[in-house]
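One structure below.
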Amino acid sequence: MPVTKKSPVGKTVKPSAKKAASTPARSVASSVTKTPLVETGLRQKVYDIRGHSTETVTLPKEIFDAKVNNPLMSQAVRIYLSNQRRGTVKTKSRGEVKISTRKIYRQKGTGRARHGAKSAPIFVGGGIAFGPKPRDYSLKLNQKMRKAALFSALTAKLKAGEIKIVKGYEKLEPKTKIMSQALNGLALEGKNPQLLLVTPKATKDFENVVKSARNISGVSIRASNLLNTYEVLKNKNIIFMKDSLEMLKATYLKD
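In numbering that gives the first Met the number 0, the protein residues as written are 0 to 254.
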């Protein structure tokens, strides 16, 4: 209810409707200002090819806000590295080397040690004692644990501020120099920072991204459906193309 005032002659004067209406209109107009894009938790900025933030995107909570389980991540990394071992190395034992099996000299009377053949491990060209043999180094980690380890690694990277979202890179000309300039525009830490560029499933557009980024020092490229814990933790910065987030959700959040 507007407050009335008394005029000098003793009459009450109400404020004019025009003046009363103009005050709230001014306050509303002043409050409608362009708010800056702010990163808060799962809401992250999206950067264009010039390194300018143009919009924000909300990351899936199940993937980027999971419980950080350090022992599980360590186990996943150890199993991944074990599975990279080929296990095809082989040396020949004294029974497998191609050499004469005759007795090299008589048993007694020489003053030397007793030897039966040149294939003994102490002789040049002889067999190898306790050498490596072909074996299977592979280990297994069930799907539930593998998924939990990946989510844990991505959550840890997001909390450390080492994840960025980009868009428009598929429209760039497939040249290493142009891609390098686009990545430098993100102002990453270090002179030659190690980074992982996560792309959507390979298509003709994103093949150009792979071709232009694969020759840059310190840059690794991986499709989002093939992401693993080791590569996430190995690289200092993780750069997601905006379209790869949808594939990430489609791959790991099927149920």
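Backbone N, C-alpha and C define an ideal beta-carbon position, used for all residues, glycine too.
Margin query: Going by DSSP, what residue range makes up the beta strand (DSSP E) through residue 43?
Written below: 42 to 46
Notebook entry, point to check: The alpha helix (DSSP H) with residue 145 in it runs from where to where?
Noted result: 142 to 158
Check: Can you tell me the Cα-Cα spacing of residue 250 and residue 45, whole angstroms?
Finding: 22 Å
Notebook entry, point to check: Which word fits residue 228, buried or exposed, when buried means at least 16 other C-beta atoms lie within 10 angstroms of its C-beta?
Noted result: buried
Margin query: With three or more C-beta pairs closer than 8 Å as the rule, is the segment 226 to 245 touching the segment 192 to 200?
Written below: yes
Next item on the list: Could you check what DSSP says for residue 29 in three-state terms: helix, strand or coil?
Entry: Any answer about residue 29 is weak, because its pLDDT of 39 lies below 50 and its placement is not dependable; what the coordinates show is given next. In the structure shown, residue 29 sits in a helix (DSSP, three-state: H, G or I).
Checklist line | Residues that residue 181 bridges to, as DSSP identifies them | finding: According to DSSP, residue 181 bridges with nothing at all.
Note to self: As a quick exercise: from 164, 146 and 56, pick the residue whose alpha carbon is nearest that of residue 224.
What the structure shows: 146
Notebook entry, point to check: Looking at C-alpha atoms only, which residue of 218, 222, 242 and 59 is the closest neighbour of residue 233?
Noted result: 218
Check: Near residue 74, which residues of its chain fall below 8 Å by C-beta distance, leaving aside the five closest residues on each side in sequence?
Finding: 140, 144 and 148
Next item on the list: Identify, in the order they occur along the chain, each residue of the same chain with its Cβ nearer than 8 Å to the Cβ of residue 167, setting aside the five sequence neighbours on each side.
Entry: 47 and 48
Margin query: If you follow the alpha helix (DSSP H) that residue 161 is in, where does it begin and where does it stop?
Written below: Per DSSP, residue 161 belongs to no alpha helix (DSSP H) and is neither H nor E.
Check: Nearest to residue 157 by CA position, among 252, 253, 56 and 64, is which residue?
Finding: 64
Next item on the list: For the alpha helix (DSSP H) containing residue 232, list its first residue and its last residue.
Entry: 228 to 233
Next item on the list: Give me the Cα-Cα distance between residue 126 and residue 138, rounded to the nearest whole angstrom.
Entry: 31 Å
Check: So which of 123, 55 and 208 has the shortest CA-CA distance to residue 97?
Finding: 123
Notebook entry, point to check: What residues match up with residue 247 in a beta bridge as DSSP calls it?
Noted result: Answer by DSSP bridge pairing: none, since residue 247 is not bridged.
Checklist line | For residue 54, three-class secondary structure by DSSP | finding: strand
Check: Exposed or buried, which one is residue 58 when buried takes at least 16 other CB atoms within 10 Å?
Finding: buried
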